[in-house]
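A.B. asks:
In this note's numbering, the protein residues as written are 90 to 269.
(1) What does the Cβ neighbour count give for residue 198, buried or exposed, with the cut at 16 atoms within 10 Å?
(2) Look at the Cβ atom of residue 206, then the Cβ atom of residue 217, and state whether they are nearer than 8 Å.
(3) Could you check what DSSP says for residue 133 in three-state terms: helix, strand or coil?
(4) Do residue 150 and residue 128 count as a contact pair if the criterion is CB distance below 8 Å?
(5) For a quick check, are the C-beta atoms of residue 144 and residue 174 less than 8 Å apart?
(6) Check whether the region 152-164 and the region 229-249 touch, using three or more Cβ-Cβ pairs below 8 Å as the test.
(7) Secondary structure at residue 229, three-state DSSP: helix, strand or coil?
(8) In the region 185-250, which residue ranges form an unbroken beta strand (DSSP E) of at least 3 residues, counting only runs that do not cross its ends?
(9) Whose C-alpha, out of 256, 130, 109, 211, is nearest the C-alpha of residue 182?
Structure representation (structure tokens):
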């Protein structure tokens with residue numbers, strides 16, 4: 090194998106490994122009962138990203154696969170095209186990491202980081218998820234809306250960790266749009 094091909098493969102492996110990192114100075118929650126985490130979560134806020142741009146009524150549903158991996162179904166409504174968009178993937182625990190760290194793939198062999206940094210560990214009613222760096226953030230809830238005081242508290246906590254909370258997008262969760 091030529092030196093340039095080996096170098097490109099090494100660079101690709103480094104990039105792929107880096108996609109499941111956790112932002113420096115941030116820790117995932119230590120205890121997550123994944124069976125309680127399963128089910129539907131609604132997106133309350135996010136830092137905008139290319140694959141969700143313009144989507145409203147965004148949700149993520151998690152279920153257990155027979156092999157122990159987690160099935161991920163992300164769904165969002167695009168008003169401009171009057172269409173629903175689904176993305177199906179799988180999540181796996183990050184080997185040797187805290188329970189609140191998963192790697193998610195929608196296009197194997199590429200993985201993204203899913204780091205649960207805040208969680209309602211009593212009732213599992215809210216979750217805050219970071220990607221591999223501070224440009225990825227989601228605030229999720231079990232219901233399409235969140236108590237304003239709770240949201241304010243989560244925004245303050247994430248801002249203190251260095252996330253750009255002023256740039257968050259709050260997708261509409263409009264129950265009047267027919268689910269098809």
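Even for Gly, the Cβ is constructed at its ideal location relative to N, Cα and C. Treat the numbers as computed from the prediction; the structure is a model and nothing was measured.
C.D. replies: On the basis of the supplied data:
(1) By 1-based counting over the chain shown, the position of residue 198 is 109. Looking at its Cβ environment, which holds fewer than 16 other Cβ atoms inside 10 Å, residue 198 is exposed.
(2) Counting from one through the chain shown, the residue named residue 206 turns up at place 117. Counting from one through the chain shown, the residue named residue 217 turns up at place 128. A contact, by the Cβ cut-off of 8 Å.
(3) Counted from its first residue, the chain shown places residue 133 at position 44. Three-state result, residue 133: strand.
(4) For this step, residue 128 is matched to residue 39 along the chain shown. For this step, residue 150 is matched to residue 61 along the chain shown. Cβ distance < 8 Å, so residue 128 and residue 150 count as in contact.
(5) Along the chain shown, read from residue 1 onward, the residue named residue 144 stands at position 55. Along the chain shown, read from residue 1 onward, the residue named residue 174 stands at position 85. Against a cut-off of 8 Å, the Cβ pair of residue 174 and residue 144 comes out as a contact.
(6) no
(7) Taking the first residue of the chain shown as position 1, residue 229 is located at position 140. Three-state result, residue 229: strand.
(8) The region 185-250 contains these whole beta strand (DSSP E) runs: 190-196, 199-208, 215-219, 226-230.
(9) In the chain shown, counting from the first residue as 1, residue 182 sits at position 93. In terms of Cα proximity to residue 182, the closest of 256, 130, 109, 211 is 109.
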